[in-house]
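For reference, the structure discussed in these notes is given below.
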Amino acid sequence: MKILVFGRSGQVGGYLENYVTNLPQFDLVEVDRTDLNLLDTDRIIPFITSLKPDWVINAAAHTAVDKAESEPELCFRLNAEAPCRMAAACADIGSGFVHYSTDYVFDGQGSCPYTETDVTNPKSVYGKSKREGELATLKQLPASIILRTSWVYAKKGHNFVNTMLRLARERPEINVVSDQIGSPTFAGDLAQVTTNIISGISDGRFSHRGGIFHATGQGETSWYEFCQQIMKQTFDHSISVNPISSDQYPTPAPRPRYSVLSNQKMKEVYSQELRHWKTALGDCLSSD
Ligand SMILES: NC(=O)c1ccc[n+]([C@@H]2O[C@H](COP(=O)([O-])OP(=O)(O)OC[C@H]3O[C@@H](n4cnc5c(N)ncnc54)[C@H](OP(=O)(O)O)[C@@H]3O)[C@@H](O)[C@H]2O)c1
């Protein structure tokens with residue numbers, strides 16, 4: 030059984046390689062932009078149909094949320110048109126398709142965990158492009174599995190954890206936003222859940238159900254508390270972390286104030302849940 034993964038150099042893509050190669054029934058083909066630049070959208074369908082994979086996983090995306098505000102065309106091409114073409118190719122050749130989306134499809138005005146049926150209202154270019162990607166993908170292939178995740182980090186890569194660790198080494202104190210609430214998600218856990226779903230469908234343990242599924246680390250926190258926990262789990266000495274408001278840290282792209290996602294549907298349909306964010310963080314920080 031062949032699995033084609035887009036985004037091999039990314040946070041989730043990197044861990045997918047580990048998990049998929051551990052499963053003997055799967056033959057992994059992982060590609061990056063040197064194999065196929067996804068902005069070249071006309072090449073996507075012929076690329077996939079020539080490889081004839083049983084599953085396609087799209088871990089590639091335009092994830093630079095602030096930069097996206099000044100390059101919307103590029104962002105929509107990568108986050109909406111590219112997955113739409115991938116889903117069309119999968120529909121043509123009868124492959125399964127897994128795609129990732131974001132908590133930023135919500136406006137953050139809520140105060141209890143969002144479910145998959147809650148109304149979306151993205152405020153940033155990135156959030157709008159990802160929402161368009163969800164809709165376009167499901168239109169082409171309703172059996173697509175879209176995992177909406179949030180606050181993704183990995184051992185390597187450009188992410189909040191690595192940025193805070195760098196700042197802690199460079200500065201006497203760090204100011205971190207305390208009025209945005211969400212759920213940190215370890216990319217390794219998301220990759221493992223993705224692989225579990227695909228292998229469970231492939232060997233008949235799960236019946237294939239398409240649609241949107243929320244898939245985040247368990248629990249919720251603010252960026253400030255997340256940073257405190259990173260410091261606590263890394264350094265023997267105390268690091269001075271100060272809470273600040275979103276107004277004190279303006280960014281080009283607006284962020285939702287509250288974007289916790291209920292993972293109940295994924296638990297019920299595919300018997301999967303990610304670990305609590307604090308447990309996963311500890312594992313990530315202590316890994317090589
Ligand atoms: N990061 C988060 O906090 C977060 C939160 C919610 C949802 N998500 C979603 O989760 C998924 C995985 O995110 P991630 O954090 O693993 O992303 P990431 O680390 O930023 O990786 C993105 C991947 O996309 C590739 N890519 C970008 N432009 C490309 C192009 N033109 N052609 C081919 N490949 C291209 C990158 O390749 P290069 O290395 O060559 O650029 C990289 O492999 C995405 O769908 C993202 O929207 C992420």
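Take 30 as the starting number for the sequence shown in my numbering and just add one per residue.
Backbone N, C-alpha and C define an ideal beta-carbon position, used for all residues, glycine too.
Distance, W84 Cα to I77 Cα: 10 Å
Continuous alpha helix (DSSP H) stretch holding S231: start and end: A216 to S231
Beta carbon of W180 nearer than 8 Å to that of S212: yes
For S153 and V94, believed in contact at Cβ under 8 Å, the rounded distance: 6 Å
beta-carbon Y129 near ligand 1 non-hydrogen atom, thresh 7 Å: yes
Length-filtered (3 minimum) beta strand (DSSP E) runs lying within the region 238-299: 240-243 and 269-273
Ligand 1 heavy atom lying under 7 Å from the CB of K96: no
Integer-rounded CB distance, given that A220 should sit under 8 Å from V41: 6 Å
Bridge partners - E59, DSSP secondary structure assignment: V34
Member of L164, Y287, S300 and E249 whose CA lies at the smallest distance from the CA of G240: L164
Validate contact between the region 96-106 and the region 245-258 using beta carbons, cut 8 Å, 3 pairs: no
Beta-ladder partner(s) of G211, from DSSP: T250
Secondary structure of L176, DSSP reduced to three states: strand
Separation of L196 from T178, as counted between CA atoms: 25 Å
Limits of the unbroken alpha helix (DSSP H) element including T78: I73 to L80
Reference F242, options Q277, E249, E302 and D312, closest by Cα: E302
Local Cβ density within 10 Å of R284, reported as buried at 16 or more and exposed below that: buried
For Q169 and H187, the rounded distance between their alpha carbons: 32 Å
CB-CB length for G43 against A183, believed under 8 Å: 6 Å
DSSP bridge partner residues for Y129 (one or two, in chain order): L176
Pick from A97, N51, D56 and K294 that is closest to L176, judged by C-alpha positions: K294
L52 to I32 span [Cα, whole Å]: 11 Å
Where N191 falls: helix, strand or coil (DSSP): helix
Other residues of its chain near P142: CB distance less than 7 Å, five sequence neighbours each side excluded: V289, L290 and S291
Buried or exposed by the 16-neighbour rule on C-beta atoms within 10 Å, applied to D218: buried
Sheet register partners of E202 (DSSP bridge): S269
In DSSP terms, what I122 is bridged to: In DSSP, I122 forms no bridge with anything.
Check: V206 C-beta below 7 Å from any heavy atom of ligand 1: no
V148, buried or exposed, once every other Cβ within 10 Å from all chains shown has been counted against 16: exposed
Proximity test, H243 beta-carbon vs ligand 1 heavy atom, cut-off 7 Å: no
Member of A120, I122 and G156 whose CA lies at the smallest distance from the CA of A109: G156
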